[in-house]
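Report on one structure; see the data block that follows.
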Amino acid sequence: MKILIAEDDPVLRRILEGFLMKWGYDLVVTKDGAEAWRALEQEAAPPLAVVDWMMPGMDGLELCRKVRERGAGPYTYILLLTAKGQKEDIVRGIEAGADDYLTKPFDVQELRVRIRAGVRVLELQEKLRELATRDPLTGLFNRGAILELLQRELARSERQGVSIGVIIADLDHFKKVNDTHGHLIGDAVLCEAAKRMKAAVRTYDFVGRYGGEEFLIFSPGCDLRDACQQAERIREYIAREPVVTPPASVQITASFGVCASGAGVRNDFTTLINAADAALYRAKERGRNRVERAVEWAGTQATSGC
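Anchor point for the sequence shown: position 141 equals 392 in our numbering, and the numbering is continuous, going up by one each time.
Take a look at the structure:
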């Protein structure tokens with residue numbers, strides 16, 4: 252785990268560095284609150300911070316408040332270090348947003364166990380986050396999580412001036428699978444389809460269960476042509492062989508609707524989803540097991556094959 256140190260005293264800073272490195276943690280070392288705040292604003296910021304209270308400029312309390320006021324983003328666990336040991340001081344530190352408090356001079360073993368406690372809290376939070384954002388059957392992102400991620404990535408892509416490919420996939424004739432083979436086989440088919448989708452995309456693409464037998468996939472950095480190629484690759488992965496779940500062997504296919512930000516449609520969340528959904532509907536109308544793309548001209552949506 253990566254830990255941030257915010258300490259203006261060079262001697263104590265080196266002591267903290269030495270022990271934390273010895274205990275196997277990766278470090279980001281800062282000399283004051285302002286530098287620590289900049290480090291915590293980075294995308295891959297340390298999840299745990301050891302912060303001195305008394306620092307020039309932005310002190311530890313102000314840093315705690317700024318971190319808590321930030322709201323969105325991963326949680327930062329803060330261990331506040333200070334020579335202030337009065338009960339009133341501890342209350343002030345916790346109210347400012349610190350999770351734990353250690354008075355100086357501190358015992359090394361006490362520092363170690365408090366760091367471990369922070370790590371346990373963060374690991375538990377990660378497990379809870381996984382439970383809240385994952386579909387329990389397929390292990391993919393659930394509907395709420397994948398839509399939230401898409402909104403976040405759309406905002407990021409707009410800032411960076413890049414496209415995002417958006418794909419909605421629907422397993423063909425899935426109701427017939429359930430009616431013929433039962434829901435246990437149907438669940439196995441959904442899980443295998445999800446597995447094949449994950450295998451067909453890049454490691455940094457996003458795949459979620461959109462609802463029932465529908466899936467939402469989006470790919471940062473993909474334009475409409477790239478997204479169509481990706482959808483075709485996923486289609487081939489899904490259809491390449493039957494799903495064998497004794498006693499059943501089920502041949503599955505899927506239909507795809509594709510859209511992309513910056514590809515002739517308004518780059519807002521609702522428009523992209525609706526455009527991809529309309530293209531999916533056209534793929535169903537044209538015989539299923541195919542990819543269709545969505546294009547919008549002058550506010551009127553039309554679709555064409557990829």
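For glycine and all other residues, C-beta sits at the position ideal for the given N, C-alpha and C.
Source: prediction; values computed, not measured.
In the three-state scheme derived from DSSP, where H, G and I count as helix and E and B as strand, Gly-284 is classed as helix. A residue is called buried when at least 16 other Cβ atoms come within 10 angstroms of its Cβ; Arg-447 meets this threshold and is buried.
In the structure shown, the three-state DSSP call for Ile-503 is coil.
In the displayed model, Ala-300 falls within a strand according to three-state DSSP.
Close CB contacts of Ile-254 within its chain, under the 8 Å cut and outside five residues either way in sequence, are with Leu-271, Tyr-276, Asp-277, Leu-278, Val-279, Pro-297, Leu-299, Ala-300, Val-301 and Ile-366 (chain order). Fully contained in the segment 460-536 are the following beta strand (DSSP E) runs of length 3 or more, in chain order: 465-471, 494-496, 499-501 and 505-511.
Between the segment 402-414 and the segment 482-494, the count of Cβ pairs shorter than 8 Å is below three; the stretches do not touch. If you compare the alpha carbons of Ile-436, Lys-535 and Ile-468 with that of Pro-493, the shortest gap goes to Ile-436. Taken atom to atom, the span from the alpha-carbon of Leu-382 to that of Val-372 is near 15 Å. Each residue's CA atom was taken as its position, placing Val-370 and Leu-362 some 12 Å apart.
In the structure shown, Gly-344 adopts helical secondary structure according to DSSP, grouped into three states. In the DSSP annotation of this structure, Ala-257 is not part of any alpha helix (DSSP H); the continuous beta strand (DSSP E) holding it starts and ends at 253-257.
In terms of Cβ geometry, Ala-334 and Val-417 do not form a close pair [threshold 8 Å]. Look at Thr-431 here: in three-state DSSP terms it is helix. In this structure, Phe-507 sits away from Ala-445, with a CB-CB distance that is not shorter than 8 Å. Contact between Arg-541 and Ala-530 does not hold, since their C-beta atoms are separated by about 10 Å, which reaches or exceeds 8 Å. The segment 312-330 and the segment 387-399 do not touch, with fewer than 3 CB-CB distances between them shorter than 8 Å. Beta bridge pairing from DSSP links Thr-454 with no other residue. Cα atoms of Ser-414 and Ala-527: separation of roughly 15 Å, rounded to the nearest angstrom. Under the three-state reduction of DSSP output, Thr-384 falls in the helix class. The Cβ neighbour count for Leu-467, taken over all protein chains shown within 10 Å, is at least 16; the residue is labelled buried. Rounded to whole angstroms, the gap between the alpha carbons of Asp-260 and Lys-282 is 8 Å. With a cutoff of 8 Å on beta-carbon distance, Ala-505 and Asp-438 are scored as not near each other. Leaving aside the five residues that flank Gly-344 on each side, the residues in its chain whose CB is nearer than 6 Å to its CB run, in chain order, Leu-331 and Tyr-352. DSSP places Leu-353 in the strand class (E or B) of the three-state scheme. In the three-state DSSP reduction, Leu-391 falls in the coil class, being neither helix nor strand.
Minimum Cα-Cα distance from Thr-496 among the listed residues Tyr-488, Leu-263 and Leu-441 corresponds to Leu-441. Collapsing the DSSP output to three states places Val-364 in a helix.
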